[in-house]
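Student: For the sequence shown, my numbering assigns the number 434 to the initial residue and increments by one for each residue that follows.
This is the structure I want to talk about, given as structure tokens.
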Amino acid sequence: MKTTELLRSLALLSFAEGAVFQRRQARGTATVRLAEPSGAPQQLASNFIYGMVDNVTSGASVSTAIPDFFYTDIGFNACRAGVAQLVAPNRGWAFGENEYVGRFASTLSNYLTTRKFGGDFILRVHDLWGADSLEANTIAYPGDNGDWSNFERFYDRLFADLRANNMIDGFWARPFPQYLDYYGRAHRRLRAGFSELKISGPSLAQPASTSATTWQQWTSHVAANDLIPDIYSWHQLVISQDPASNLQAFESLRTQNNLPVRPIDINEYAAPEEQIPSTSAWYISRFERLNLRGLRANWASFGELHDYLANLVGKNGTEYFPNGDWQLYKYYGGMAGTRVSTSGSADGGFDVFATKGDVAKSVKVLAGNRGNTQTYDLTVNGLTSVGLPASGTVDIRTFRFDWNGPFGDVGAPVDLGVYSHQYSGDQVTFWVTPETANTAYAFEFA
């Protein structure tokens, strides 16, 4: 590999004595600890909301429009849907029971497709009601004027449909106390109707925060009224927020209200401008470290909301192709062996996810800046745990993940070749300077 290409595409140089290349000052350091296992990789970020083509032409059934490998190669394991932004005559229960039927059929198709791949299906009940971004401010809501009778009829029909189809395997334009009342009524009906069903909540659009009155009220309300969900959930869509700090805030609220430890879903993550390889790698690293299951947000509208796997693929006619983000998730889906301990840069701008097997050549590190082109150091320690000596030379192969827009066809990651790094003290350090703010990288011990 030519030195000029290496410097142009990625600055990767260990601190060898007498190094002849100059680099920019690093803003911080991310660390991979090979000697500290942290469980098996779970592809916690390989999930999305909507994104599946509905198959309802002759009754709801599994969708085969998008080839299976687009799901399986990324380690897909969960979908969240309830069918939003369908127009008349499928606008939802709030417009009449007849307008609920089409939304449920689409939901059932998404459910069957998800289960085909062994994934969990998270039902967005409010979509079936009709509370989506098109109609949220115009429809009637459960409990308006203290009347819950339509809510009861809606849940009677929903329960009947869920049972008939063997499915038991952020829009609230009303005061928050009415939401809490709705949440309690829905929680109790679901518990009574389907004891085996897992309930998630509160699914607030605002990430957990100790200063947010909505979070203060919800945590105290569910604790006082025995309305604790099986899975805690919220959205992570604000660029200025970090899942790590929001999780810390939630833990403070949870312990303050004596709520039990439960799994956590980030049931929508990444703003539109963050759905690029670099920031996707950053989110993957965060979620795997924090053990948060994440579902990619879907920013499409109308028919596109029900296609493209939440902006991971494009198509020509009926033929689908991967974009650059899908190629990153495919690499992530193939990271096997043992997950190892990592830490991101202190400023939150750079993060890494890593796995290993029993030998040096099994080490894989996925790295991404949060949409910036700053230089960061990457330290990998515990080299002796994979059979390397405490000092010497290690060869590292680099792959680059490119981006050509959400509907840009992108091939496999670019192999930038192998670079030899001298190291000592059982660790190697090199720097990462991305070619663009969209670019992510993977490093493998060669």
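A virtual CB, placed ideally from N, CA and C, is assigned to each residue, including glycine.
Please read all numbers here as calculations on a predicted model, not as lab measurements.
1) The alpha helix (DSSP H) with Y574 in it runs from where to where?
2) Between L477 and Y588, what straight-line distance do the alpha-carbon atoms span, to the nearest angstrom?
3) What is the DSSP secondary structure of W732, counted as helix, strand or coil?
4) Closer than 7 Å, CB to CB, is H654 near chain D or not?
5) Is the distance from the Cβ of F481 to the Cβ of A743 below 7 Å?
6) Using DSSP with H/G/I as helix, E/B as strand and the rest coil, what is G603?
7) Consult DSSP for P470 and reduce its assignment to one of helix, strand or coil.
8) With distances taken Cα to Cα, identify the nearest neighbour of S734 among L519, L686, Y874.
9) If we call anything under 7 Å between Cβ atoms a contact, is S711 one with G844?
10) For A593, tell me which candidate among G767, A573, F627 has the shortest Cα-Cα distance.
11) How many Å lie between V489 and A538 at the Cα?
12) Using only alpha-carbon positions, find the residue among L799, V792, T808 that is nearest to P822.
13) Check whether the Cβ atoms of G815 and A468 lie closer than 7 Å to each other.
14) Thinking C-alpha only, which one of E707, Y716, S778 is nearest N871?
15) Just to check my reading of the structure: N531 and P522 have Cβ atoms closer than 8 Å, yes? What is that Cβ distance to the nearest angstrom?
16) Under the three-state reduction of DSSP, which class applies to E877: helix, strand or coil?
17) Residues in its own chain within less than 8 Å of K763 by CB, not counting five upstream and five downstream?
18) Where E585 and S795 are concerned, what is the direct C-alpha to C-alpha distance, given to the nearest angstrom?
19) Is it buried or exposed for G525, if we count other Cβ within 10 angstroms and need 16 for buried?
20) Out of curiosity, what's the CA-to-CA distance linking Y574 and Q650?
21) Put E530 into one of helix, strand or coil per three-state DSSP.
22) Span of the alpha helix (DSSP H) holding R596?
23) Tell me where the beta strand (DSSP E) around S774 begins and ends.
24) Rounded to the nearest angstrom, what separates W648 and V785 at their Cα positions?
25) Which first and last residues belong to the beta strand (DSSP E) in which K797 is found?
26) So the candidates are Q860, Y702, N724, S718; which of them puts its Cα closest to the Cα of V694?
27) Across which residues does DSSP place H668 in a beta bridge pair?
28) Please state the DSSP three-state secondary structure of D675.
29) So, for A493: in the same chain, excluding its five sequence neighbours on each side, which residues have a beta-carbon less than 6 Å away from its beta-carbon?
30) Considering only their Cβ atoms, is the gap separating V558 from T775 smaller than 7 Å?
Tutor: Put simply:
1) DSSP places Y574 in no alpha helix (DSSP H); its state is neither H nor E.
2) Approximately 31 Å between the Cα atoms of the pair.
3) DSSP places W732 in the coil class of the three-state scheme, outside both helix and strand.
4) Protein chain content of the structure displayed is limited to a single chain, and chain D is not contained in it.
5) In terms of Cβ geometry, F481 and A743 form a close pair [threshold 7 Å].
6) Residue placement at G603 is poorly supported in this model, since its pLDDT is 48, which falls under 50; the coordinates still yield a value, given next. It is coil, neither helix nor strand.
7) Note: P470 maps to strand in three-state DSSP.
8) Of L519, L686, Y874, the residue nearest in Cα terms is L519.
9) Pairing S711 with G844 gives a Cβ-Cβ distance that is not under 7 Å.
10) With distances taken between Cα atoms, A593 lies closest to F627.
11) The straight-line gap from Cα to Cα measures roughly 6 Å.
12) It is V792.
13) It is a contact, given that the beta carbons lie within the stated cut-off.
14) Nearest Cα to N871 within the set E707, Y716, S778: E707.
15) Contact flag correct, Cβ pair sits at about 7 Å.
16) Strand, per DSSP.
17) Excluding sequence neighbours, K763 sits near D506, I507, P755.
18) Approximately 55 Å between the Cα atoms of the pair.
19) Buried, because 16 or more other Cβ atoms sit within 10 Å of the Cβ of G525.
20) Straight across, the Cα-Cα distance linking Y574 with Q650 is about 20 Å.
21) If DSSP states are grouped into helix, strand and coil, E530 belongs with coil.
22) Start and end: 582-597.
23) 771-776 is the span of the beta strand (DSSP E), which, as asked, contains S774.
24) Rounded to whole angstroms, W648 to V785 spans 30 Å at the Cα level.
25) DSSP places K797 in the uninterrupted beta strand (DSSP E) bounded by 797-802.
26) Ranking the options by Cα distance to V694, first place goes to N724.
27) Residue pairing by DSSP puts H668 in a beta bridge opposite E701.
28) In this structure, D675 counts as coil in the three-state DSSP scheme.
29) Only residues of its own chain outside the window of five on either side were considered, and among them A538, L541, S542 have a CB closer than 6 Å to the CB of A493, listed in chain order.
30) Annotated as distal: T775 and V558, with beta-carbon spacing of 7 Å or more.
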